[in-house]
Every structure is written in C-alpha cells, then in structure tokens.
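Those protein sequences? They're chains A and B, same order as listed.
Letter 138 of the first sequence, counting from 1, is numbered 138 in our numbering, and no numbers are missing.
Letter 70 of the second sequence, counting from 1, is numbered 350 in our numbering, and no numbers are missing.
Cβ atoms here follow ideal geometry from the backbone N, Cα and C, with glycine treated the same way.
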Amino acid sequence: MTILPELMAPSLYRVHETRAETKDTFTLELEPVDEGAGRFSFAAGQFNMLYAYGVGEVPISLSGDPEEANGRPIHTIRQVGAVTQALCRLKPDGMLGLRGPFGTGWPVDEAVGRDVVVMAGGIGLAPLRPALYQLMRWRDRYKKIILIYGARSPEDIVFGRELAAWAKGKGIEVTVTVDRASAKWKGNVGLVTTFLAAADFDSAKATVMVCGPEIMMRFAIKEFQKRGVAERNLFLSMERNMKCAIGFCGHCQYGPSFICKDGPVFRYDRIKDLFWKREI
Amino acid sequence: MEKIETIINKFPFFRGMDKAHLEKIAQVAAPVTLAPGKIICEDGQKADKFYLLMNGRVVVELYSPERGDLLIQTLNTGDILGWSWLVPPYQWRFNARVLAKTHAIVFNGERLRTLFGKNRELGYELQKRFLMIIAARLESASIQLMDLYGIPAGDKNK
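Okay, here's the thing in structure tokens:
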C-alpha cells in the first residue's frame, strides 16, 4: 500500500481571515504559503488535520463552499482544548499546518431529484454547510430542501446571518431552534428533533443528512424512521478520536471501519449495528 | 365557515378520530385569535381549557424572580397547548405567552371532563392522545436538560 508523503506531512498555510461566530467558535479562512500550490479541492463533508505548531494536531471539517472560486479552505473551529484554542487564537498571517482533505463526503449527487432534509445540532452545522452551499448552488436539481438547526442558546447559533439569509431567499426552508433562551428571544425553543414532525417532505423520496452530538443523531434517526425514511437514505457524520487520518493508527476504528477513511459520513444502514452500542 | 370538527380533523392531534367524537369535542370548542404579547395562562391558575394552534407561535415559560422569564418551549402550527386540565388539581403548571399572532381553537376542558363521565370511549381516546404529547414533551425536556451541545470530556484534549 502506498501512502502519499503529502498526506503524512503538513503543508504550511497562513490565516487569510478569521471571523468569530460565537464566543467560543471561530471560522478561519486559509491560504497556502506556497503560491504554486494548486487550488484546494474537497468534497462536502471531508475534513483536514490542522496543526498548531508546538501544540498539536486536530481533525476539523471543512465548512466552506467546495466550488468557491478562490479555493481557500475554510474551517469553523470550536474552542474545546489546547489545540483548538491555539488555532482559534491565530490572527491573519498566523501560520499553521494542514494535511488533507480526508474522508468521505455527503451524498449531494445521489440526492439529485429528491427532497433533501438536513438536520444539524450545534457545531454540527459546520460540516454540513459545504453540502448546503452545493444544494443551493444547484437548486434546480433538487426538490424540497429543508434545514432544521438546533443550538444550545441564541448566543450559540453559528452562521446566524447566513441562516437568516437562507430563510429569506434561496428556496430552502429553514427552522432554527434553541434549547434555552431568555425572554428577549422571539424564535423557536425546543429540541431540534421535535421540529421534524412539522416538516413537509416525501419520506419515500428524501435524502437525509444529519450532523451533531451523537445523542442528538440517535434521536434524529428514530424520528426519521418514524417518518418512514429508509435506512439507506439516512446519512450521518460520525466523530471519533482521529489521529493519523489515513487509517494507520487505529484510534478512530469503528468496528470494521475507520472513521477517518471510511467516514466521517456514513450511510446509516452500514453502521446501524454499531451505532446503538454503548462500547465497541 | 367550516365546521370546527372539519377544521380540527386536519391537524395531526385529532387526525383519525371517530366522527362522533369529533362532533362532541367541537360542541365545547370555539375559534379564538390571540394577539402578540397576550398571556394565555399563568402557573397556578385554574386550568379548564386547552388550545389547538392553527398558526402563529406561543411560548411556554416559567418566571424566576432572579432570572426573569425562562423559555421552555415554543409551540407552533398544529401543536396543543395545555394538558393541565386533564390532571388534578387542574392548575396550569407553566405560563404561556403569544409570540406571534395566533389563530387557535379553544376547548372547554371542564365540560370535556364532565362529558368523559358519560362517554368513556371519548375520554379514553382523548387521554391516549394527550399521553403521547406529555411523553414527548417529557422526553424533550429531559434531553434539553442534558445540555446536548456541551463539550464532551474527550474533546478537551483537542
């Protein structure tokens, strides 16, 4: 088996622009230091390994538009530990390492001609945003497009302005809800999965994409199955402790699969026997 | 104007109900328009009605003297507001406030409870449907309490 060297050694990238999405979540737009580097191409759903020099390396999903003309990789990172904190603190011209892209993508092509229902929770909207960009760019190819997004509170909603813009135009039905809010909030309050009942789509001809905390995805799966969506039409983005990202180290092993190379996007029927197990 | 039993039969809560039961329920029901800001009910007040929301948005909340109004859940088209009329001591357990202009059907719970005494099947059918709502709301509330979007312990290494 041949492993390409560039998949094992990070390339040097600089931060082109940063944007604070919430108090602990930042979007970084990157560009390669090597000006001769080709356009960065990726499939919606894939991830990169981002290396904060001297601190560590973490897998972060790409959150930008795969067909954006400038081709700069964009990542939305939630500050949870030392590495992500170091990445989030980078300013424009700050340096980091990048390996990738890795993993499988969302079934954007397979969903052509069908209703598409996207359910996201918290930072889970970030790995789905590239798919949403593609669905909206090629709007005529799809039937209904529905996005249901849940966050902890109004202050934790990521891509808030984009969500509002999508809700107003673009031919996509958007529902945003939070788990808790003060009286100032005029939007929805409630578990994200409870809004599925009101979504109007053809269960027999729908492709479903879900990303969020695993427990949220479990409830989502149950609700979609209640609606009659077939297991082969349900797609989830799984997360485990990914280290090498190329299927060598075994950290992200998930039964017979590796999340890093057989996922992170999985068709539900292929993982359903493992998905509900407490430990594997 | 469409008969109330025809209107309510279009909504999931009442869908599939026996026609005779729908007619009985419709006799204790009336359409109502609720303006934004209206307080529909308050915690501790006598609960003798429930609402089917035909459109609009209502928020279920609790008031905390230290923290103000705490929003628990919003209800939208097709949702039912109010199950306290079914459960002794028949007092509202939460506050409900209108967020967006809402057209609803309001049902007289006190009269329905009296009807149940004469029509056990109607009572069974309605209580079965309300039980599903209560179970779903309890499950949602439990999950909301879990703080789904909190940072998993393993992620603190990232």
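DSSP-derived helix/strand/coil call for residue i
i: residue 348 of chain B; result: strand
i: residue 246 of chain A; result: coil
i: residue 311 of chain B; result: strand
i: residue 301 of chain B; result: helix
i: residue 88 of chain A; result: helix
i: residue 377 of chain B; result: strand
i: residue 133 of chain A; result: helix
i: residue 337 of chain B; result: strand
i: residue 394 of chain B; result: helix
i: residue 364 of chain B; result: helix
i: residue 356 of chain B; result: coil
i: residue 36 of chain A; result: coil
i: residue 204 of chain A; result: helix
i: residue 99 of chain A; result: strand
i: residue 141 of chain A; result: helix
i: residue 192 of chain A; result: helix
i: residue 108 of chain A; result: coil
Per-residue burial, residue i [other beta carbons within 10 Å of its own, 16 or more giving buried]
i: residue 369 of chain B; result: exposed
i: residue 433 of chain B; result: exposed
i: residue 147 of chain A; result: buried
i: residue 316 of chain B; result: exposed
i: residue 17 of chain A; result: exposed
i: residue 359 of chain B; result: buried
i: residue 415 of chain B; result: exposed
i: residue 304 of chain B; result: buried
i: residue 344 of chain B; result: exposed
i: residue 233 of chain A; result: buried
i: residue 346 of chain B; result: exposed
i: residue 250 of chain A; result: exposed
i: residue 280 of chain A; result: exposed
i: residue 213 of chain A; result: buried
i: residue 372 of chain B; result: buried
i: residue 92 of chain A; result: exposed
Residue i to residue j span [Cα, whole Å]
i: residue 387 of chain B; j: residue 263 of chain A; result: 51 Å
i: residue 411 of chain B; j: residue 114 of chain A; result: 35 Å
i: residue 311 of chain B; j: residue 375 of chain B; result: 21 Å
i: residue 225 of chain A; j: residue 90 of chain A; result: 43 Å
i: residue 47 of chain A; j: residue 435 of chain B; result: 16 Å
i: residue 319 of chain B; j: residue 355 of chain B; result: 14 Å
i: residue 349 of chain B; j: residue 198 of chain A; result: 26 Å
i: residue 236 of chain A; j: residue 394 of chain B; result: 49 Å
i: residue 151 of chain A; j: residue 167 of chain A; result: 17 Å
i: residue 103 of chain A; j: residue 216 of chain A; result: 22 Å
i: residue 276 of chain A; j: residue 218 of chain A; result: 8 Å
i: residue 256 of chain A; j: residue 9 of chain A; result: 26 Å
i: residue 267 of chain A; j: residue 196 of chain A; result: 20 Å
i: residue 382 of chain B; j: residue 94 of chain A; result: 52 Å
i: residue 40 of chain A; j: residue 428 of chain B; result: 33 Å
i: residue 30 of chain A; j: residue 334 of chain B; result: 48 Å
Residue range of the unbroken alpha helix (DSSP H) whose run includes residue i
i: residue 385 of chain B; result: Residue 385 of chain B -> not in any alpha helix (DSSP H); beta strand (DSSP E) instead, spanning 382 to 388.
i: residue 226 of chain A; result: 214 to 226
i: residue 421 of chain B; result: 400 to 425
i: residue 260 of chain A; result: 259 to 262
i: residue 163 of chain A; result: 160 to 168
i: residue 288 of chain B; result: 284 to 288
i: residue 271 of chain A; result: 268 to 275
Residues that residue i contacts on chain A, provided the C-beta gap is smaller than 7 Å
i: residue 431 of chain B; result: 80
i: residue 420 of chain B; result: 190, 191 and 194
i: residue 379 of chain B; result: 186
i: residue 435 of chain B; result: 80 and 81
Interface residues of chain A facing residue i [CB-CB closer than 8 Å]
i: residue 352 of chain B; result: 189
i: residue 427 of chain B; result: 152 and 179
i: residue 339 of chain B; result: 189
Beta-carbon neighbours of residue i, restricted to chain B and to distances below 7 Å
i: residue 181 of chain A; result: 351
i: residue 58 of chain A; result: 438
i: residue 83 of chain A; result: 438
i: residue 213 of chain A; result: 428 and 429
i: residue 310 of chain A; result: Look at the range of chain A in this structure, 1 to 280, and you will see that residue 310 of chain A is not part of it.
i: residue 156 of chain A; result: 429
Where the beta strand (DSSP E) containing residue i begins and where it ends
i: residue 20 of chain A; result: 11 to 22
i: residue 115 of chain A; result: 115 to 121
i: residue 235 of chain A; result: 234 to 237
i: residue 61 of chain A; result: 56 to 61
i: residue 52 of chain A; result: 47 to 52
Contact set between residue i and chain A, taken where Cβ atoms lie within less than 9 Å
i: residue 317 of chain B; result: The premise fails here: residue 317 of chain B is roughly 11 Å from chain A at the closest Cβ pair, so nothing lies under 9 Å.
i: residue 357 of chain B; result: 198
i: residue 348 of chain B; result: 182 and 183
Per-residue contacts from residue i into chain B (C-beta, under 9 Å)
i: residue 216 of chain A; result: 423, 428 and 429
Under 8 Å by beta carbon: chain B residues contacting residue i
i: residue 122 of chain A; result: 428 and 429
i: residue 219 of chain A; result: 423
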